Every structure is written in C-alpha cells, then in structure tokens.
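Colleague: Chains as they are written, first to last, in my numbering: chain A, 2 to 121; chain B, 257 to 769. Idealized CB from N, CA, C, for every residue including glycine. All figures in this text were calculated on a predicted structure; none of them were measured in a lab.
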Amino acid sequence: MTVKHLGDEYVFESENREERYGGDINFYIQWEQHLLYACPSAYRAPVAMTLRDFMETMFRPDYAAHPDTAKLDVDKLEWKRDQRPWQPDLDKSLKDNGIGHMDYLQIRSPGLEGMHGVGN
Amino acid sequence: MAKAKRIGLKEKYRLMTRGLDWETTYQPMDEVFPYDKYEGIKILDWDKWEDPFRLTMDAYWKYQSEKERKLYAILDAFEQNNGHLNISDARYMNAVKLWLQAITPLEYGAHRGFAHVARSLRGAGARVALQMQSVDELRHAQTQLHAFSYYNKYFNGMHGFAHLRDRAWYLSIPKSFFEDALSAGPFEFVTAISFSFEYVLTNLLFMPFVSGAAYNGDMATTTFGFSAQSDESRHMTLGLEVVKFMLEQHEDNVPIVQAWLDKWFWRGYRLLGLVGTMMDYMLPKKVMSWKEAWEIYWEENGVALFNDLARYGIRLPKYHEVASKEKHRLTHELWHTLYQFGNALGFHTWIPDDKELDWMSEKYGDLFDTMYRPRLLFLREQEEAGKRFYNNRLPMVCQVCQIPIFYTEPDDPQTQCVRIVQWANTKHHCCSDGCADIFNLEPEKYVQALIPPQQVYRGEAGGATNIFEYAEWLHLEKDVDTGEYRGSPDHRNWEAWQAEQPTPQARKTGKAA
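(1) Pick helix, strand or coil for D536/B, following the three-state DSSP scheme.
(2) Work out the CA separation of G23/A and K767/B for me, nearest whole Å.
(3) Quick one: list the residues of chain A neighbouring F662/B, beta-carbon separation under 8 Å, in chain order.
(4) Taking CB distances under 8 Å as the criterion, tell me whether W522/B reaches chain A.
(5) Curious, which full-length beta strand (DSSP E) runs of at least 3 residues does the region 679–751 of chain B contain?
(6) When you compare each of Q389/B, N557/B, M272/B to H372/B by their alpha carbons, which one comes out closest?
(7) Mind listing the chain A neighbours of F634/B? Cutoff is C-beta to C-beta under 8 Å, in chain order.
(8) How many Å lie between W278/B and K304/B at the Cα?
(9) Interface residues of chain B around E16/A at Cβ under 7 Å?
(10) Report the CB separation of Q658/B from S344/B in whole angstroms; it is logged as a contact under 8 Å.
(11) Any C-beta of chain B sitting closer than 8 Å to the C-beta of N27/A?
(12) Using a beta-carbon distance below 8 Å, is M534/B in contact with chain A?
(13) Look up F28/A in the DSSP assignment and give the residues it is bridged to.
(14) Buried or exposed: where does R571/B fall if 16 or more other Cβ atoms within 10 Å of its Cβ makes it buried?
(15) If I measure Cβ to Cβ from C686/B and keep anything under 7 Å in the same chain, skipping five residues before and after, which residues do I get?
(16) With T478/B and A484/B assumed to form a contact (beta carbons below 8 Å), what rounded beta-carbon distance in angstroms separates them?
(17) Please name the residue in N350/B, K268/B, R523/B whose C-alpha comes closest to that of D746/B.
(18) Which of helix, strand or coil does DSSP assign to E279/B?
(19) From the DSSP output, in three-state form, read off R631/B for me.
(20) Nearest-angstrom Cα distance between G369/B and A476/B?
(21) Using a Cβ cut-off of 8 Å, pull out every chain A residue sitting near V674/B, in sequence order please.
(22) Quick one: what's got a C-beta closer than 7 Å to A769/B's C-beta in the same chain, skipping five residues either side?
(23) Applying the criterion that 16 or more other CB atoms from any shown protein chain within 10 Å of the CB defines a buried residue, is P708/B buried or exposed?
(24) When DSSP builds the beta bridges, which residues end up paired with L106/A?
(25) Going along chain B, which residues have a C-beta under 8 Å from K5/A?
(26) CB-CB under 6 Å to D487/B, same chain, minus the five flanking residues each way: which ones, in chain order?
(27) Report the residues of the region 49–72 of chain A with a CB closer than 8 Å to any CB of chain B, ordered along the chain.
(28) What are the boundary residues of the alpha helix (DSSP H) that includes Q771/B?
(29) Could you list which residues in chain B have their beta carbon closer than 9 Å to that of R109/A, in chain order?
(30) Against chain B, with Cβ distances strictly below 8 Å, would V75/A count as a contact?
(31) Quick one: what's got a C-beta closer than 8 Å to F451/B's C-beta in the same chain, skipping five residues either side?
(32) Where do the ends of the alpha helix (DSSP H) carrying D622/B lie?
(33) Which residue comes first and which comes last in the beta strand (DSSP E) that contains Q672/B?
(34) Looking at C-alpha atoms only, which residue of E33/A, R18/A, T3/A, N27/A is the closest neighbour of L95/A?
(35) Compute the distance between the beta-carbons of E700/B and V75/A, then report whether it is under 8 Å.
(36) Starting from E497/B, trace the alpha helix (DSSP H) in both directions and tell me its first and last residue.
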C-alpha cells in the first residue's frame with residue numbers, strides 16, 4: 002500500500018538511514034528472560050569493533066544492575082539475529098559477523114534465566 | 257406594531273449554518289477545496305449533515321463566556337486558599353506534570369487540526385461545527401495552562417512544557433500521534449480525533465483523570481475538567497455524526513472508514529497507556545484500576561457502539577482483543593519503563609508503598625503477584641541499599657507509536673514483542689502487529705519519523721551522547737526535575753509544608769517515605 006496524496010509523488014528517504022552514521026551503525030540487542038531491562042537497548046558502534054568488545058565494554062556495564070550480569074559468560078550465549086537463530090564469532094568484527102544497520106540481536110543465557118522464576 | 261416572532265432553535269440553526277456558502281465561478285470548486293476528495297471519501301449531499309446540538313455561533317459565545325467566568329473565579333479562590341496544600345500528596349503532582357507535558361499540547365494541536373479541517377470541507381454545516389470545536393480546543397489548552405501555572409510556583413518540572421514537547425522522548429508519543437492525524441486528509445483527521453479519540457476513547461482520558469483530580473484534592477484540574485466536559489460531549493456527538501455521515505453517503509466509504517478505525521483505535525489505545533499508568537501508579541488515592549476502566553469504557557461501552565455501527569458494515573477494530581489481553585500488564589510494564597528511564601523524565605517516579613501494592617494485588621491478581629510485585633520489591637530493596645535502579649542506555653522505539661518497545665507478546669508476558677518491518681532496504685521496528693500493520697499501509701509516511709534515541713545517536717540532539725546530556729538538552733535538572741521522587745526537592749518541600757500545617761486539618765499523605 003502507498004500513501005494517498007496530492008501532487009505528483011510522495012517519496013521520502015528513511016530518516017534513520019545508514020549514511021547518517023558516519024561509518025558506524027545503529028543496532029539493537031535484547032537479553033531474553035531479563036525483563037528488569039524493559040526494552041531492547043539501542044547502540045551506535047563502529048563496525049570494526051569486535052562483538053566480544055561490544056559485549057564486554059558496552060553491553061555488560063549497561064546491564065550491571067542485574068544480579069545475573071556478573072555471572073554472564075559471553076561465550077555461552079544462544080544468539081538470534083532479526084529473530085532467527087544465528088551463530089556469531091565473538092572475536093570477529095561486527096561487520097565480519099554480518100551485523101548491519103538496524104539489526105536486532107537477541108541473546109539467551111542458559112542457566113541465567115532472570116529473577117523470580119518469571120524472567121525478571 | 258406587531259411584535260417580531262421569535263424564531264425557533266431549529267430555524268435559527270438552519271439560518272445560521274446553511275446558505276452561507278456559494279458555488280465559486282472564478283475558480284473551480286475543486287481548486288478552492290483541494291483536500292476533501294483525495295482520500296476517496298464520496299459525499300453526495302452535504303446538506304444531509306446534521307449537528308445534533310444545533311449550536312450556533314451566537315449561543316456558543318454566550319455559553320463559553322459564562323463557563324470562563326466561573327472557571328477563573330474558582331481558580332482565583334483555589335489560589336488564595338493555598339490550594340496546593342490540599343492535594344492528597346505531592347506525588348499526585350506528577351500526574352499533573354504528565355498532563356501538562358503530554359496532553360495540553362494535544363489540545364492545541366486539535367485546535368490547529370480542526371481549523372484546517374473546517375477550512376477544507378465544502379459543506380457549510382460541517383464547517384460551522386468544526387470551527388466551534390477548533391475554538392473549544394484552543395480554550396482547553398489555555399484553561400489548562402492557566403490552571404496548572406499556579407502549581408508551577410511550587411513544584412518542579414513544569415517550567416518548559418513547550419520546549420519539552422518538541423524534544424522529549426516520551427512526549428514524542430503524544431506529539432507523533434497528533435502529527436500523524438494533522439498530516440492526514442481532513443476526513444481521516446476527523447475520524448481519528450473526533451471519533452476514535454473523542455468518542456471511543458476520551459472517557460478513558462477524562463473520567464479517570466478528572467475524577468482522580470477531584471479525589472486527590474486538586475480543585476484546579478477538576479474545575480477545568482468540568483468546564484471542558486460539556487464541550488467534550490459535543491465533540492463526541494460530532495465524532496459519531498461524522499462517521500455516520502460518511503457511512504451513509506456512499507458504500508464505497510465503508511472500507512476506507514474501517515481502515516481508519518482500525519488504525520486510530522490502535523494508536524489511541526497505545527497513547528492511553530500513559531493515562532492508565534497515571535491511574536494505577538501516580539494517583540496516591542486511586543479511583544479505579546486501568547483494567548476496570550478498560551472493561552467499562554471499552555469492553556462494554558466501546559464494543560456496544562461498534563455493534564451499533566454493524567448495520568453500516570463496520571466491524572470491531574483490529575487487535576481489540578490484544579488490547580484486552582494486555583489490560584492485566586500494560587500499566588505495570590509502562591511504569592517499570594518510566595521508572596528506569598527516569599533520568600530523562602520531566603516528572604518523578606517511585607516504587608509504590610505496601611498499601612498500594614496490596615491494592616494492585618487485589619485488582620490484578622496472579623500475574624501481578626508472580627511477576628510485577630517481586631520486581632517492584634527487588635527495586636525497592638535496591639533503592640534502600642543506595643542503588644536506585646536506572647537504565648541509562650537508550651531503548652529501541654516503535655516506528656509508529658514511538659513508545660519504547662517494552663510490550664510483551666499478547667499470549668506471553670515473559671517474552672518481549674518486537675516486529676520488524678522493512679521499506680526501501682531499511683529495517684524498522686514496531687511494538688505490535690497493530691503498529692506494524694499501520695506502518696505497512698503507509699510506509700513512506702512512517703519512515704520519516706524522528707525517533708529520539710536515533711536522533712541522539714546521529715548527533716542531532718544538541719550533541720548529547722548519553723542520557724544525562726540529553727536531559728540537559730531537554731532543560732531538565734538532574735534529580736530536581738528528573739529521577740526518584742523520594743528525597744527530591746518536591747518531596748522535601750511537601751514534608752516541610754505539611755509540618756507547618758495546623759494539626760486539626762492534618763491529612764493522611766499516603767506516606768511517601
């Protein structure tokens with residue numbers, strides 16, 4: 002479907018297009034069964050950063066308030082990318098792992114399943 | 257000399273709303289009224305338009321000026337009586353801040369929208385009714401600002417509502433809602449605002465808020481609420497009239513109107529989550545729960561209304577059943593979200609006291625007791641240990657309703673609900689099937705949305721790179737306007753004022769500490 006409009010055309014570029022990030026990308030990650038953090042988190046990061054660096058220097062400090070975070074072993078995660086099972090190499094860059102602008106990553110940490118038996 | 261015969265209301269209405277227009281000759285009518293056909297709505301006879309109130313401009317000015325006089329007399333008395341000391345508890349004031357920041361600018365937006373629509377439709381009867389609503393909406397914006405300005409002298413976070421409205425992430429929710437309607441055609445605007453919002457959902461906005469205000473001793477808000485109420489009933493009637501008029505004029509209008517009802521039911525429902533959260537969490541004295549309000553005002557009254565429209569070929573709006581499934585958790589999920597992003601809010605958040613938690617257990621039952629109550633108690637322990645929880649990482653936001661995506665799957669409150677949509681090689685995220693459908697119907701419209709976290713990351717929010725710099729860009733002072741209620745200047749002032757009060761009138765304050 003398209004927008005009904007006056008005039009000849011109705012064409013606009015996406016406001017959040019990749020060119021506006023100066024070589025970085027905007028992507029998202031959610032830790033399943035840890036709803037203490039209410040939303041998937043948004044990041045801007047350079048594509049050359051390794052996924053391990055991202056997890057250790059950005060993700061882990063952001064999630065420090067959850068009791069599971071200190072026990073989190075990033076080598077033992079189950080991953081999804083855009084809601085499909087996916088196996089990254091933590092020591093490769095975001096780019097070499099195929100992580101692109103506006104991708105949505107999800108992690109699950111077997112054995113660390115949140116609080117109160119309900120994934121809090 | 258024979259006395260001139262007084263004309264009846266019906267005749268007066270006819271004289272003052274019909275025959276005021278003319279067929280243009282220098283320019284084709286379609287050039288003079290370029291907006292009222294492109295949406296595909298077919299109008300065969302504009303004279304079939306009936307305003308059930310038969311209100312004319314002369315009567316309108318008279319009624320409104322009487323109401324103004326009463327309103328300002330009561331506001332004066334409230335002020336002279338130090339009315340702010342008579343509210344139930346200073347936490348209540350955060351509901352007022354949220355109204356000022358989120359809802360008052362919508363009233364002004366409605367003023368603009370109705371003025372535009374009144375100019376755009378070629379039926380004179382419709383134009384008169386819409387023009388009066390445009391004036392009403394301006395009056396509502398003004399009376400709310402005047403009523404709230406008194407509180408601005410005593411409480412933080414009320415100093416820059418217009419600035420906040422244009423910048424703050426949580427206010428992009430109401431702002432984008434209204435701008436979606438304002439940038440649509442005139443018939444969609446009227447369906448969206450007059451019908452879906454005013455008729456179907458406004459009871460959920462006005463009833464809990466105004467009764468909540470009365471119940472919590474806020475006579476300023478109560479008074480403007482009552483002053484606006486007679487207008488609201490006229491607006492609701494207009495909304496129903498507009499929809500019936502379109503449906504009766506041509507059968508081709510039915511699928512167009514249905515699609516708008518689907519869209520605007522969902523958008524309105526998403527917006528009202530803020531009101532529900534205010535009812536359950538921000539009112540120290542509770543009126544009713546969001547769940548109860550939803551059951552009365554939507555599941556009973558709203559559904560009955562749609563059943564009446566079935567004879568025109570209209571069915572219930574899509575995903576109404578999802579909204580009903582969410583009634584058990586919506587406000588708990590949203591408050592949890594506001595609480596953790598409190599470093600960039602123009603009002604305070606807090607963990608409810610034990611009595612309130614018991615009230616929630618009673619109203620919400622098992623799911624609350626197993627999921628949200630333990631979470632709230634954990635957060636309270638953290639706070640008492642000096643580790644008040646904040647999430648300072650910017651969230652993923654829905655491309656359509658612009659709400660941070662905190663929702664969970666309709667049938668699974670433990671699994672986050674995200675929908676990925678795509679347009680022209682760029683992905684976007686939605687919070688629900690309802691918002692994803694809205695995106696997919698008009699993707700070129702929604703890809704233009706300015707999503708606050710993305711704006712920050714692109715360096716377009718005054719150069720802010722984190723939530724604290726972002727809050728400064730909103731002109732919010734850390735822990736004065738933002739953050740935790742307990743220990744805030746609002747809280748400390750309130751305790752001091754209460755201590756100064758003569759004891760016989762001392763009120764129970766719902767004990768904040």
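Modeller: Taking the structure as given:
(1) Correct three-state label for D536/B: helix.
(2) Because K767/B carries a pLDDT of 47, less than 50, the predicted location of this residue cannot be relied on, and no value is offered for it.
(3) Under the 8 Å cutoff, chain A gives A39, C40.
(4) Chain A, which has no Cβ nearer than 8 Å to the Cβ of W522/B, makes this no.
(5) The region 679–751 of chain B contains these whole beta strand (DSSP E) runs: 682–686.
(6) Of Q389/B, N557/B, M272/B, the smallest CA-CA separation from H372/B is found for Q389/B.
(7) Within 8 Å Cβ-Cβ: L37, M116, H117, N121.
(8) Cα to Cα, the separation comes out at about 17 Å.
(9) Residues of chain B whose Cβ lies closer than 7 Å to the Cβ of E16/A are, in chain order, V703, Q704, A705, L706.
(10) The C-beta distance from Q658/B to S344/B rounds to 32 Å, too long to fall under 8 Å, and the pair is not in contact.
(11) It does: the Cβ of N27/A has a partner Cβ on chain B nearer than 8 Å.
(12) No, because no Cβ of chain A sits closer than 8 Å to the Cβ of M534/B.
(13) In DSSP, F28/A forms a bridge with Y44/A.
(14) Using a 10 angstroms sphere on the CB of R571/B, the tally of other CB atoms stays under 16, which defines it as exposed.
(15) If we look at C686/B and ignore the five residues flanking it on each side, its Cβ neighbours are C654, Q655, V656, R675, V677, A692, F695.
(16) Not really, about 11 Å apart at Cβ, beyond 8 Å.
(17) The shortest C-alpha separation from D746/B is found at N350/B.
(18) Coil at E279/B, not helix or strand.
(19) Under the three-state reduction of DSSP, R631/B is assigned to helix.
(20) Distance between the alpha carbons of G369/B and A476/B: 27 Å.
(21) What V674/B touches in chain A, judged by beta-carbon distance under 8 Å, is Q31, P41, Q84, Y105, going in chain order.
(22) Only weak support is given to the placement of A769/B: the predicted model assigns it a pLDDT of 40, under 50, and the value that follows is read from those uncertain coordinates. Within the same chain, and ignoring the five residues on either side of A769/B in sequence, the residues whose Cβ sits closer than 7 Å to its Cβ are R742.
(23) Result: buried.
(24) DSSP output for L106/A lists I30/A, R82/A as bridge partner(s).
(25) Y294, E295, G296, G441, listed in chain order.
(26) Once the five neighbours on either side are set aside, the close Cβ partners of D487/B are D392.
(27) Taking 8 Å as the upper bound on Cβ-Cβ separation, chain B lies near residues D63, A66 of the region 49–72 of chain A.
(28) Past the boundaries of the shown model lies residue 771/B; chain B is included only from 257 to 769, so the question cannot be answered.
(29) Within chain B, not a single residue places a beta-carbon under 9 Å from that of R109/A; the smallest gap is close to 11 Å.
(30) Cβ-Cβ to chain B under 8 Å: no for V75/A.
(31) Taken in chain order, the residues that qualify are G495, L496, V498, V499, L517, W520.
(32) Secondary structure note for D622/B: its alpha helix (DSSP H) is the uninterrupted segment 610–623.
(33) That run of the beta strand (DSSP E) goes 668–672.
(34) Cα-wise, what sits closest to L95/A is N27/A.
(35) Their beta carbons are not under 8 Å apart, which means E700/B does not touch V75/A by this criterion.
(36) For E497/B, the enclosing alpha helix (DSSP H) begins and ends at 475–505.
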